[in-house]
Every structure is written in structure tokens, then in C-alpha cells.
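Per the UniProt record's numbering, the sequence shown starts with residue 1, numbered consecutively. Note that beta-carbon positions come from the ideal geometry of N, C-alpha and C, so glycine has one too. Treat the numbers as computed from the prediction; the structure is a model and nothing was measured. Heads up, the thing below is written out as C-alpha cells.
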Amino acid sequence: QVFTFNKVEISVEGRVQPSVQVKNGARMSIICHADISKNADFRLKHNFTIFKDGKLVFTTVSDKEDARYEIPVAKSSHTGDYECTVKAGGKLGFSTSVYVWVEGMTKPILTADRREVLEGEVVKLRCELPEEVPPLEFFFQKTKTNSAPKEKRVPEQTQNFSEVEFYVEEGDNILRFDCFGKRQVRSGWESSPKSNGTLVTVKPFLKPILITKPSSNVTEGDKIEFECSTVVAQIRNIEIIFQKSRTILNSVRDKTLLKYSTVATQEDSGEYLCKVEQGAVSKTTKLNVFVSELFPKPMLSASMTKLDESKKLTLSCSINGFQGANFSIVRKSSSGDILLKNSEVFEIKVTVNDTGSYTCKAEVKGIVKESKPVRINVYAPVAKPTLSVVSGSPEVVLGKPLQLICHSVMGTPPITFTFYKGDEIKKSVTNDTYATFLDEDIGLNDDGGYKCDARNNHSSGVKTSNILNVTVIVPIRDASLGSVPYGEVEVGSDTAFLCSVKEGSWPIDFKFFKKTDHEVLLHEVREYSDRTIWHKKTMKRKDTGTYYCMASNRASVNVRSRPITISVILAAWQKGVIAAFVLTAMAGAGAVVLWWFLRKKKKGNEWLPSLCLGTNALQFNLHFEKLPRQPSDGNFYSGSGYIEDNENHMKSTDESKGPDLESAEVDYTEVEVSTLDPHR
């Protein structure tokens, strides 16, 4: 039994097309056909499977070459791509796909949660497409008489219905609601018919009524009463609010009447508003009220507003063209008004504590009016100011800024401080108790002449400080080091080191150092001079090395000199003693050799058995003695440049240095030679 698939076809109602359109609600048949060739007439089982959008929707087994998938009522949910497969005798055949578009959508069903509502309430709607499959889009419409419909769009991805709420607005009466749905197909969007229309009746509430008693035109001191009322179908959730401008004066809930009363003042003139709220809807009524003035505001006058302490102050309160008011004079305070006197006039001998704001109040028929405040300033005289340097010490380094502070321990602010340098005004500052001044132009001649004065509004006038003398510290510049003798120094002699500076304020601290693996301080001294001499006694071989000095003063700047090198060598007489000893030793040795030679010759070449040189034959006594210092008069040589003094001139030069004798130096001893005994 041999067979083969020629082709597999899928069709809709017998129409083999890539795309087929079917009316919504019509009967639809999808047919899968297998075209098979056989070598003989034998029965063959066919396994048919139909897919929609890749999902299995129908399967059957038949010995026929056709299979039908019947859909009695076509819906929009049946829209999609269909294809089929056929299995037979271990072989498999596939069809091409066909797109089926079920044209049209079912009519949606709309329901409302109520058919009668109040203004400000909410209507909840539900729109359903029971025969459609999501995703869908729902459109709700609200239409009121003689108005265009308002529409809301709600997409639904997982369900075939949607719910929405509409607020009932002010002015709504009979409302009509309907809905429709949309779905997306291959050619675009497809819409459903509109749902049935649903009518909702709205019960409005009336605009509130606002009245005043006795009238809207009153005089200060009169009692005025406001009444705000409304008529509503349902009193629940009703709120009445009474306000002036943006200030709420009174409110009631679940009532239809609000009352508010007050004693009228001029500030009560203006527009009043009564608002009735129910849910999201509100209605308002406005009313203008005019309050006539009963009497004008009082005026407070002062005998003077700026005065010295212990002076007399008189405050007077009056109303222009009006008599019969009750007056009181008060002082304003952060904690409240302080009553001074219930009278038109108030007198006081002032102190600085009386500085402040004062007003007067007038009362007629329960109406109280207050005057504008009057500021009174009482001044205590300033004390003699003190002028000092902020850093504490009355001195400044040349080129550095100098900051001064002027301070007055007494005096009512504000105080004006003026700084002087000599007779020149440098700065004026107004502050409470002190002021500062920064002088950035310090010269060598600025050794004094600073002062300041202080003044305020007291009649006593200006107070001036003592003159402040400031010392200008000149920093150290160009330190130099010299020595006598310079370069080479004999052992045992003294050396004078001279350290000097070109300029710098006294006193000056001089320090002498020798360079080793670390800095070694040898000597330090404070001098009221620009130079100092250090005498180093009895130089030794270990004193050979490099020396330098360092100078500093109150400017706190250390200035270091260039280094000089000192070599300590043997004295001339020590070298002579060594030479004499060597010559004497050589002569003695020659005499002994000559005597031995002559004696040997006399005895006829007799062998001299021994020649003993005992401990007494040749004795050496070694003496080391320290040479006394040789006084020397000469010039001071500086390590760098020229340093000029009144009597001495010192110069340093590398040419004055002798040869390096340290490598050619000879140790010396003193030797005593005893006479040779000829019998031994």
C-alpha cells in the first residue's frame, strides 16, 4: 500500500482564499481537505487538526479526505488565522493559512447603579460585551439637554466589560448615558453598535439666600446679623459655609440655615459670601455690607521721639473733631500690650528701658480704635572708647595687615565709630558696641598715631580714645657668618665667629650651628644689635667642619646664613719640634754605627758577640702638650658679601683658604736620648 500527499487545503464555506470575510452572527464552516494519491484502493485513516492563531481548536479522525469545523454563530472572537494538518500512515501534510475576519461586533449592554441622583453625587456605569474577547476598548458617553456629549475612554486588557463613574454637575437635570466598544483587527479598528440609552434624573438644590438684619448699611457699634439658608431635596451631606474674603466666619453641616452676628466695625465693611456644598457641587450667594464710621482713629503725639535718658517725655492722645471717647495709652510688647495709663496724657522721666513703640486706644459704644504706633528712642551717652590691636600685642610685622578694634562699654546703639591714622580719617562704622578697622598699608614710619572716636544720638557728643602706638617689626634680611681666623685654625687657638644681618628690628636672636649628620646648636644669644660675636676657645682637631648661623626676631622668620668651612691644623712650633726630633734620632743612629765599625776594625775583625741596647741605652719620653693661644689681630671675614661696621671691615673669599693640610698632617713626639755606656 503506497500513498502520497499531493496537497492539504483549508477553506471557509468552500472558498479557498488567503482572506475570507464573514458576517457576525452567520453560520461558518472551516473545511480541511487532503488530496492523496494511492497505488490501490485501500482504506486510510486521516487524523485532522485545525489551529486558530497557533492554538488547537478542532481535531477529528476519519477515513474520508475532508473534515469540517462547524461554527453555528460567528462572532468577532472567531477572527484570526486558520490552518490545518493531516496525519496518515506515518506521513504528515500541512495547509497554508487563511485569515478569517468576522465582520461586526455585538451590541454592548449598559447598566447604571441608580436612575435618580442629587447634584454633586456620582453615577456608576457598567458596559459589557458578553460575546467579545479582550483586549477591548470601551467608550462611555454622558449627554444632557442641549449639550454635546462628554466621553470617557477605558481600555481593558483582560476582561470584556468596564466600569466608570460620572459626577453629577451643577445644572444637570436629565442625563442620558450610553456606551460602545472597539477592537483592533488587521485592517484597523472595528466598532460595536451603541448600547441601549440609560436615563438618569437629577434632583437639584436651590441657590442659597443671604440676608442681613437690620440692613446691609449700618454704623459702627451696631449689631449686625447674617442669615444664610437653602432648600434641598435631601439634607444629608449638605454643608453651609459663611465667609468674608477668604476668611471662614462660620459653618454648619446637615442643616439648611446658618446664622452669624457681630458688633459692626469699619473693618467689617466688604463682600460676604454664603456657599452651600453637596458632594462635588457648590452654589454661592454674595452680599455687600457697608459700615459707617462712628468716630475716626485717635492720634498719639510725643513731645520728642529721640531724647537723652532722665529727660521728661509727654505722650498725648486725641481724636480730631470728636469728644467723649475713653482713652488709654499703652506700650507695645512681644508678650502683649502694657497699659500705662487710662488718660489722654501720660508723662514720664525716661530711662533707656523706656525705648519702644507706644500707641493710644479710644473706646466709644464698645468700639475700640487704636492709633498708629510712635517710636520713642532713649539714649545713654557713650563711654570713652578703647582702641586696641585684635591680636593683643601692639605691634605689627612690616608688610602685614593690622586689625584694630574700637569698643565702647556704654552707650545706646547705634554708635558711630570713626578711625584715624594720624589726623586722617580712615573709616567710619555704625554698629552696636564695637567696630573693627583693617590697615593693610603698613610702612616703616607707622609707629603710632592711631585713635578712634564714638558718638550716638545723645547730646553729650563725641568721645575719643587714647592714641595707640604700634611698633612696626622689620623682618630679618640677609644673615652672614664670618670667622677670625678664616679657613684654617691652629690647634689650641681661639676662633671668633661673627653673625650679622643687613636689617631687622631688635632684639635679634642669633644661633650658631655646626653641620654633622644632624644640626648641632653650639651657641645662642639675644642681642639688641644687628650683629654678635661668639668666641670659641681652644680649637681642637674635632672642631674641623662646616658652620652657619641663624637669626630671627619677633617677625617669626628664621634667616639662615651661607655656611663656612673651618679646618683645624697643627701649630708651627709643633711642626718644628717634630723635625728636630727626627734629625737628632738620625744623628745618634749614625754615631752608633760608626763606633761599632771602628771597634770591629781595631780588634781585627773580631766578632762583637752582642750589642745590647738596654732599656737605659735609649729612652723615649712622649709628651703631648697643649699650646697656649696665640693672640692674633686681623680682619673679620664674612661667609658672604661685605658686612660693614663702624671700626672693623670683614670680607669672605675662597681665595684666602690655604691648602688642605689635613691629608698631609704629621703626628709628633718628643724623645730624650741617653749617652751610650762604652763598657756595655
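Next item on the list: Would you decide whether Pro204 is buried or exposed? Buried here means 16 or more other CB atoms lie within 10 Å of its CB.
Entry: buried
Check: Where do the N-terminal and C-terminal ends of the beta strand (DSSP E) with Asn339 fall, by residue?
Finding: The residue you asked about is not Asn; residue 339 is Leu in the sequence shown. Leu339 -> beta strand (DSSP E) spans 338 to 341.
Next item on the list: Please name the residue in Arg114, His46, Thr60, Thr201 whose C-alpha comes closest to that of Gly89.
Entry: His46
Notebook entry, point to check: What span of residues does the beta strand (DSSP E) with Met304 cover, start to end?
Noted result: Premise fails: Met304 is in no beta strand (DSSP E) and is neither H nor E.
Margin query: According to DSSP, is Glu267 part of a helix, a strand, or is it coil?
Written below: helix
Check: Mind checking whether Leu398 and Ile508 have CB atoms under 8 Å apart?
Finding: no
Checklist line | Through-space distance from Ile376 to Pro385, alpha-carbon basis | finding: 26 Å
Check: Which class does Ala585 belong to by DSSP, given the choice of helix, strand or coil?
Finding: helix
Item checked: Inter-residue spacing [alpha-carbon to alpha-carbon] between Leu56 and Phe94 -> 14 Å
Next item on the list: Return the Cβ separation of Arg495 and Pro485 in integer angstroms, given the expectation that the two are a contact with Cβ distance under 8 Å.
Entry: For clarity, residue 495 is Thr in the given sequence; the question names Arg instead. Their Cβ separation, rounded to whole angstroms, is 7 Å, which keeps Thr495 and Pro485 in contact under 8 Å.
Item checked: Option nearest Thr355 by Cα separation, candidates Ala380, Val368, Cys317 -> Ala380
Next item on the list: Name the two residues that bound the continuous beta strand (DSSP E) containing Thr403.
Entry: In the sequence under discussion, the amino acid at residue 403 is Gln, which differs from the Thr named in the question. From DSSP, the beta strand (DSSP E) with Gln403 extends over 402 to 407.
Note to self: Would Tyr450 and Leu438 be called neighbours here (beta carbons separated by less than 8 Å)?
What the structure shows: no
Note to self: Can you look up Asp543 in the DSSP assignment and give me helix, strand or coil?
What the structure shows: helix
Note to self: Measuring straight from C-alpha to C-alpha, what distance separates Asp178 and Leu199?
What the structure shows: 9 Å
Note to self: On the criterion of 16 or more Cβ atoms from any shown chain inside 10 Å, does Gly120 qualify as buried, or is it exposed?
What the structure shows: buried
Notebook entry, point to check: Looking at C-alpha atoms only, which residue of Leu206, Arg176, Gln157, Val202 is the closest neighbour of Gln184?
Noted result: Gln157
Margin query: If you follow the beta strand (DSSP E) that Phe139 is in, where does it begin and where does it stop?
Written below: 136 to 144
Note to self: Give me, in chain order, the residues of the same chain whose beta-carbon lies closer than 6 Å to that of Thr4; leave out the 5 immediate sequence neighbours on both sides.
What the structure shows: Ser37
Check: Between which two residues does the beta strand (DSSP E) containing Val396 stretch?
Finding: 395 to 397
Next item on the list: To the nearest angstrom, report how far apart Thr412 and Leu287 are at their CA atoms.
Entry: 54 Å
Margin query: I believe Gly504 touches Pro475 by the beta-carbon criterion, under 8 Å. Please report the beta-carbon distance rounded to the nearest angstrom.
Written below: 6 Å
Next item on the list: Taking 8 Å as the threshold, find out whether the segment 361 to 376 comes into contact with the segment 290 to 309 through three or more Cβ pairs.
Entry: yes
Note to self: Taking its Cβ as the centre, do 16 or more other Cβ atoms sit within 10 Å of Gln323, making it buried, or is it exposed?
What the structure shows: exposed
Item checked: Assigned secondary structure, Ile508 (DSSP; H/G/I helix, E/B strand, else coil) -> strand
Checklist line | As assigned by DSSP and simplified to three states, the class of Phe597 | finding: helix
Margin query: When you measure from the CB of Phe322 to every non-hydrogen atom of the ligand ADP, does any distance come out below 7 Å?
Written below: With respect to the ligand ADP, the structure offers nothing, as it holds no ligand at all.
Next item on the list: Could you tell me if Pro108 is buried or exposed, where buried requires 16 or more neighbouring beta carbons within 10 angstroms of its beta carbon?
Entry: buried
Margin query: I need the straight-line Cα distance from residue 731 to Arg526, nearest angstrom please.
Written below: The structure shown has nothing for residue 731, since the chain only spans 1 to 680.
Next item on the list: Could you say if the segment 56 to 75 and the segment 22 to 31 meet the contact criterion of at least three C-beta pairs nearer than 8 Å?
Entry: yes
Note to self: Please classify Ala383 as buried or exposed, where buried requires at least 16 other C-beta atoms within 10 Å of its C-beta.
What the structure shows: exposed
Checklist line | Beta carbon of Thr256 nearer than 8 Å to that of Ser282 | finding: no
Check: Taking Cβ to Cβ, would you say Trp534 is nearer than 8 Å to Phe497?
Finding: yes
Next item on the list: In angstroms with no decimal places, state the Cα-to-Cα distance between Val252 and Pro193.
Entry: 49 Å
Checklist line | Glu9 beta carbon less than 8 Å from that of His33 | finding: yes
Next item on the list: From the DSSP output, read off the bridge partner residues of Arg477.
Entry: Glu503
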